[in-house]
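Residue numbers (this note's numbering): 166 to 603. The beta carbon of each residue, even a glycine, is placed where N, CA and C say it ideally should be. Single-structure report; data block below.
This is the structure in structure tokens:
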């Protein structure tokens with residue numbers, strides 16, 4: 166058997182909170198919430214024969230979720246105990262009361278640092294210490310002091326991993342503020358952190374990891390979710406890999422519609438984009454049951470009014486894209502398109518937008534030649550002055566003042582200016598938008 170210790174690391178679970186904006190009937194939720202995510206993690210731990218399962222705080226969402234949490238924690242702890250796998254956790258700012266209370270009725274669950282002091286748990290294999298866990302829990306909703314006070318790393322050669330629910334590099338945070346330099350300086354083999362829901366690898370040596378929420382809970386938590394498999398060798402070297410086990414995934418998908426002339430073409434482009442996204446991410450989606458997709462339509466178009474109708478239809482229905490798993494539904498459609506401008510028509514006007522449109526046509530067509538040359542030469546002279554300024558020397562040296570570069574710069578800047586002018590003249594298109602979330 167390898168001398169390395171294997172840890173299944175679970176971030177914020179929030180038992181008792183349901184994932185939002187799934188547009189599903191109630192009977193679906195039992196198989197999609199944090200309870201199912203935790204059950205999946207426990208099954209994976211047993212399958213992988215890990216040495217310990219750790220939770221880095223906020224296992225329970227609020228005290229009113231006690232009974233729901235008690236049921237699933239008792240089941241999970243029982244399964245892990247039967248498999249000979251310790252189940253170790255710390256309390257966070259959400260479950261500083263409920264998790265210790267729940268532990269009284271959950272044999273097999275160990276909570277470290279319940280009194281706010283550092284506490285250790287040593288994993289032994291064949292009579293030899295394999296890994297030391299050091300943890301400290303929240304004792305109140307807020308902890309404004311540095312949680313590393315009182316931290317002491319034993320110098321006995323046993324690889325050590327710290328468990329902490331905290332805010333890194335947020336000095337004024339009321340949630341155990343600690344700076345990254347201090348975590349690096351304490352130098353255990355790894356820090357496994359809780360509180361931040363976005364998975365983040367802050368350092369590889371030593372390993373400092375926010376595993377993120379075990380499952381996304383709203384559209385503000387997009388991307389892959391699941392526990393992390395952390396391996397710690399006898400000499401303290403570490404590896405960490407995320408396991409995409411979450412039954413629900415939130416995602417944001419951009420679809421460019423610049424060259425599309427009908428709403429049917431837009432619908433086809435959306436379907437193709439979703440299908441392509443599913444194919445590209447197929448390995449990560451193997452165990453995903455439901456995807457809540459937030460579409461972002463981009464580009465320039467003449468279809469604004471029709472897009473608003475399409476957006477309302479897509480978000481009001483529960484139709485899935487096809488019969489394959491996972492079930493994919495549109496949560497929201499964000500229309501971030503600009504109006505497509507008919508420069509030739511606009512240039513017939515003598516107002517400011519019309520005059521700007523005339524110049525853009527000259528630049529695009531390079532005709533009339535005299536007018537085109539005049540625009541290029543005037544812009545070239547002004548840009549040359551900018552390039553000559555010592556303040557911009559580091560930037561300018563990498564950007565040659567070629568005619569093509571000047572022309573492209575003028576067209577981009579002119580197009581942005583024209584869109585801004587027209588937006589000031591035309592009322593914004595009003596389209597349905599579900600309530601904010603995240």
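A straight-line Cα-Cα distance of about 13 angstroms links residue 303 and residue 313. In this structure the segment 488-497 lies against the segment 453-464, because at least three pairs of beta carbons, one per stretch, are closer than 8 angstroms. The beta carbon of residue 246 sits closer than 6 angstroms to those of 273, all from its chain and outside the five residues before and after it, given in chain order. Rounded to the nearest angstrom, the gap between the Cα atoms of residue 389 and residue 566 is 44 angstroms. For the pair residue 213 and residue 412, the CB atoms are not nearer than the 8 angstroms cut-off.
Annotated three-state conformation of residue 589 is helix, per DSSP.
About 11 angstroms separates the beta carbon of residue 435 from that of residue 472, a gap too long to meet the 8 angstroms contact definition. Boundaries of the beta strand (DSSP E) harbouring residue 404: 403-407, taken from the DSSP string.
By the Cβ test, the segment 232-241 is in contact with the segment 262-280, since at least three Cβ pairs between them sit closer than 8 angstroms. If you ignore the 5 residues before and after residue 244, its C-beta comes within less than 6 angstroms of the C-beta of 207, all in its own chain and listed in chain order. Residue environment analysis places residue 517 among the exposed positions, since fewer than 16 neighbouring C-beta atoms fall within 10 angstroms of its C-beta. When the five nearest sequence neighbours on each side are left out, the beta carbons in the same chain lying within less than 6 angstroms of the beta carbon of residue 178 are those of 199, 203, 224 and 379, in order along the chain.
Straight through space, the alpha carbons of residue 387 and residue 222 are spaced by roughly 20 angstroms. The straight-line gap separating the alpha-carbon atoms of residue 238 and residue 438 is approximately 40 angstroms. Following the DSSP letters along the chain, one finds residue 336 in no beta strand (DSSP E), marked with neither H nor E. C-alpha of residue 574 to C-alpha of residue 418: approximately 29 angstroms in a straight line.
Between residue 354 and residue 319, the C-beta spacing is not below 8 angstroms. Looking only at 270, 259, 297 and 284, the smallest Cα-Cα distance to residue 216 is reached by 297. Taking C-beta atoms as the reference points, residue 540 and residue 576 fail to come closer than 8 angstroms.
Contact between residue 276 and residue 251 does not hold, since their C-beta atoms are separated by about 12 angstroms, which reaches or exceeds 8 angstroms. Residue nearest to residue 400 within the set 371, 391 and 341 is 371 (criterion: CA-CA distance). In this structure, DSSP gives residue 293 an extended state, which the three-state scheme calls strand. By the Cβ-count criterion, residue 534 is exposed, with fewer than 16 other Cβ atoms from all chains shown falling within 10 Å of its own Cβ. If you ignore the 5 residues before and after residue 229, its C-beta comes within less than 8 angstroms of the C-beta of 181, all in its own chain and listed in chain order. Ranked by how close their Cα comes to the Cα of residue 169, the residues 205, 248, 326 and 300 have 326 in first place. For residue 530, the number of other beta carbons within 10 angstroms of its own is below 16, and it is reported as exposed. Each of 453, 307 and 546 was checked against the Cα of residue 330, and the nearest Cα belongs to 307. Under the three-state reduction of DSSP, residue 307 is assigned to coil, being neither helix nor strand. Going by DSSP, residue 203 is part of the alpha helix (DSSP H) stretching over 199-213. Annotation: residue 385 to residue 174 spans about 22 angstroms, alpha carbon to alpha carbon.
Comparing C-alpha distances from residue 465 to each of 512, 421, 442 and 404 shows the shortest one belongs to 421. The bridge partners DSSP lists for residue 348 come to none. The beta strand (DSSP E) runs lying completely inside the segment 405-479 and spanning 3 residues or more are 413-421 and 455-466, given in chain order. Between the beta-carbon of residue 475 and that of residue 432 there is about 7 angstroms, and that keeps the pair under the 8 angstroms contact cut.
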